[in-house]
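J.: For the sequence shown, position 16 matches number 97 in this note's numbering, and the numbering has no gaps at all.
Using N, Cα and C, we set each Cβ at its ideal position, and we do this for glycine too.
Computed from a predicted structure; not experimentally measured.
My structure is below; once you've seen it, I'll send some questions.
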Amino acid sequence: MRQAVLVRRAMPAEVPVLLGLVEQYWSFEKLPGFDRTQVATQLKRLLSQERLGCGWLAEVGGEPAGYLIAVYVFSLEHLGRTAEIDEMFVLPRFRSRGLASKLLLEAEQRFVDAGCTNVSLQLSRANNAARAFYRRHGYAERAGFELLDKTLRNG
Numbered sequence: 082m083r084q085a086v087l088v089r090r091a092m093p094a095e096v097p098v099l100l101g102l103v104e105q106y107w108s109f110e111k112l113p114g115f116d117r118t119q120v121a122t123q124l125k126r127l128l129s130q131e132r133l134g135c136g137w138l139a140e141v142g143g144e145p146a147g148y149l150i151a152v153y154v155f156s157l158e159h160l161g162r163t164a165e166i167d168e169m170f171v172l173p174r175f176r177s178r179g180l181a182s183k184l185l186l187e188a189e190q191r192f193v194d195a196g197c198t199n200v201s202l203q204l205s206r207a208n209n210a211a212r213a214f215y216r217r218h219g220y221a222e223r224a225g226f227e228l229l230d231k232t233l234r235n236g
């Protein structure tokens, strides 16, 4: 018997639950610099200020199984508020159950409700499974553009 799957908005009080998932995602993607205290502070900030973005938590049988974090950006090019999926991750043992699709569809509906005109995301060049997943959901590479970034430090 399949366990119940629940996808719901993440609340600031759930930061400790999300931290474990975020840490596993950063490890999976080989992202450097995971600092539990700093990540917790920023997650709480994001989940407490709806204008910044929002998050969702997926559970299977009451157990945390995945999450999606999105932020909002104003874009002149896209004529208004846009959403960026900052992170989405489903624990390996819960994959192939439709959790990622449920997370994505829930988030996209929220983006529409929030007046977003566009949604974007970044992918690791090596994450072909994620690329195929997003393509199945209507996402496409933006021809002629590539992402550049620069880390800024305060003070």
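Among H218, Q203, A213 and A210, whose alpha-carbon lies nearest the alpha-carbon of L229?
T.: Comparing Cα-Cα distances from L229 to each of H218, Q203, A213 and A210, the minimum goes to Q203.
J.: Grouping DSSP H, G and I as helix and E and B as strand, with all else coil, what is L133?
T.: It is coil, neither helix nor strand.
J.: Could you check what DSSP says for L172 in three-state terms: helix, strand or coil?
T.: L172 falls in the coil class under three-state DSSP.
J.: Could you give the residue range of the beta strand (DSSP E) that holds A94?
T.: Run containing A94: none; DSSP gives neither H nor E here.
J.: Tell me which residue opens and which closes the beta strand (DSSP E) that F155 is part of.
T.: Counting along the chain, the beta strand (DSSP E) containing F155 begins and ends at E144 to S156.
J.: In chain order, what residues of the same chain lie with their CB nearer than 7 Å to the CB of E189, ignoring the 5 residues before and after it?
T.: Answer for E189: V200, listed in chain order.
J.: From A207 to V88, what distance separates their C-alpha atoms?
T.: So the two alpha carbons sit approximately 27 Å from each other.
J.: With a 10 Å radius around its C-beta and 16 neighbouring C-beta atoms as the bar for buried, classify F175 as buried or exposed.
T.: Buried, because 16 or more other Cβ atoms sit within 10 Å of the Cβ of F175.
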